[in-house]
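What follows is one structure encoded as structure tokens, with my remarks underneath.
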Amino acid sequence: MQYVDAQSTAAAAAAVAPASAGLTEGAHAAGNGAAATAPPELRPLSASCALLCEQHCKKLQDIHGDLGETTALDIGCGTGGLCFELALSFSHVLGLDGDPLHVVAAKEMKERGQLEYHACLDDSSSNSSVSTAAAAAASSSFGTAVRRLSEAGEELQHGVTRAAKVSDDIDRDKVRFWNYALPELPPKLQPVDAVLVEDVEGRLGTGLARVLEQVPGLLKPEGVCVVVLDDSGSSSGSAACAAGVADAADVAVEHSGGSAHVARMQQVGRQLEQQGLRFLKEQQLRYPLAGGSCSLARAGIWLQS
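Letter 110 of the sequence shown, counting from 1, is numbered 90 in my numbering, and no numbers are missing.
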């Protein structure tokens, strides 16, 4: 699903040079003498994350359907946007979030197919919302929750009521939402084909390591784990968004320890690999923000043996 305004996405795309995604594959550090690469394609973050799960879930590559149904788990699902995107490819999707109000909003989205929210451009909860979406917003910072409802694709105006909608081609019945006190995961979870941990906003904090500690035990053989973190502060990332140019040499410098964002992803990689997962690649994701600008995230992909 894309909680996004197409006009804002187009404006962001026009602000930078269009190009295909730049990848760092096969190793955590770029090779020597790397040539300049094009910036990542601009698309809503939820769509990019779901696409990575689809592309690297081996069970989904079974065109004959002999391997059976597929299940994806979204840890820290917020108000559910990514879960609905995953439902385009997976037979079943489960979203977990530690905030009960986010889960209330996600369930309302599932039931109704859309959810209205009131754009209040301050952090005060005194401005009441027209729906449970505002309750979700009041549970943390207002801006964070609104970004999860709109996927930051709209130019928010104070006092204006907007609606996040699920695309008509998505089967909402495929999706379930559970409220659970992260970073612990429910003991009754069954193994899945894909685990997605999108923590661009850092909501999991230090709990991310505990979440990842439990991931290998949740993956079926040849299952995929996708972890997505903020990359907006990286030197190559800032340049890519500002000028539409990404240089692989900059990425190589950052992989040697020049970026806190990259260092965090390296830490994630070390943990998952020590637990037996196999590193596949990293990929930079470029997504639209309100007002026609864009930001960057960094995705890491690991496979179960």
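Just so it is clear, CB atoms sit at the ideal spot from N, CA and C, and this is done for glycine as well.
A quick note: this is a predicted structure, and the numbers were derived from the prediction, not measured.
Residue from the options whose Cα sits closest to the Cα of residue i
i: Gln255; options: Ser285, Leu265 and Glu91; result: Ser285
i: Leu28; options: Cys37, Leu62, Gly75 and Ala52; result: Note that residue 28 is Ser in the sequence shown, not Leu. The shortest Cα separation from Ser28 among Cys37, Leu62, Gly75 and Ala52 belongs to Leu62.
i: Glu178; options: Ile281, Asp151 and Pro196; result: Ile281
i: Val84; options: Trp158, Asp173, Val146 and Pro268; result: Trp158
i: Glu181; options: Asp151, Gly213 and Arg23; result: Gly213
i: Val73; options: Glu262, Ser239 and Ile150; result: Ile150
i: Pro171; options: Leu199, Asp148, Leu165 and Asp153; result: Leu199
i: Arg92; options: Ala52, Leu32 and Asp153; result: Asp153
i: Thr50; options: Pro201, Met89, Pro166 and Lys145; result: Pro201
i: Ala143; options: Glu164, Leu165 and Met89; result: Met89
i: Ser147; options: Gln194, Leu66 and Ser273; result: Leu66
i: Phe64; options: Ala30, Leu81, His82 and Arg244; result: Ala30
i: Leu283; options: Glu253, Leu25 and Arg266; result: Glu253
i: Glu96; options: Glu262, Lys145, Gly58 and Arg244; result: Lys145
Residue interval of the alpha helix (DSSP H) (run including residue i)
i: Gly61; result: Gly61 to Leu66
i: Arg190; result: Gly187 to Gln194
Proximal residues to residue i (C-beta, below 7 Å), its chain only, five neighbours per side dropped
i: Glu34; result: Leu40 and Ser69
i: Asp211; result: Gly217, His241, Gln264, Leu276, Ala277 and Arg278
i: Leu47; result: Lys39
Unbroken beta strand (DSSP E) run spanning residue i, endpoints
i: Glu262; result: Arg258 to Pro268
i: Lys87; result: Counting along the chain, Lys87 falls outside any beta strand (DSSP E), though it belongs to the alpha helix (DSSP H) covering Pro80 to Arg92.
i: Ala161; result: Unbroken run through Ala161: none, as it is neither H nor E.
i: Ala28; result: The displayed chain sequence assigns Ser, not Ala, to residue 28. Not the beta strand (DSSP E): Ser28 falls in the alpha helix (DSSP H), residues Leu25 to His36.
i: Val146; result: Where Val146 is concerned, there is no enclosing beta strand (DSSP E), given that its DSSP letter is neither H nor E.
i: Ser69; result: Unbroken run through Ser69: none, as it is neither H nor E.
i: Cys274; result: Cys274 to Leu283
Status (buried if at least 16 other CB within 10 Å, exposed otherwise) for residue i
i: Arg258; result: exposed
i: Lys87; result: buried
i: Gly271; result: exposed
i: Lys168; result: exposed
i: His36; result: buried
i: Thr141; result: exposed
i: Arg23; result: buried
i: Ala15; result: Model confidence at Ala15 stands at a pLDDT of 41, short of 50, so the residue's coordinates are unreliable; what they give is reported in the following sentence. It counts as exposed.
i: His44; result: exposed
i: Arg250; result: exposed
i: Glu164; result: exposed
i: Gly60; result: buried
Same chain, Cβ closer than 8 Å to residue i, neighbours up to 5 away in sequence not counted
i: Leu162; result: Ile55, Gly56, Leu76, Asp77, Gly78, Leu184, Gly187 and Val191
i: Val248; result: Leu188, Leu192, Val207, Leu209 and Gly280
Beta-bridge pairing of residue i - partner residues as DSSP gives them
i: Ser239; result: Ser239 pairs with nothing; no bridge assigned.
i: Ala174; result: Ala52 and Val204
i: Arg183; result: Paired residue(s): none; Arg183 is not in a bridge.
Sequence-distant residues of its chain with Cβ nearer than 6 Å to residue i (five each side left out)
i: Asp173; result: Cys37, Lys39, Thr50, Thr51, Lys200 and Gly203
i: Leu260; result: Ile281 and Leu283
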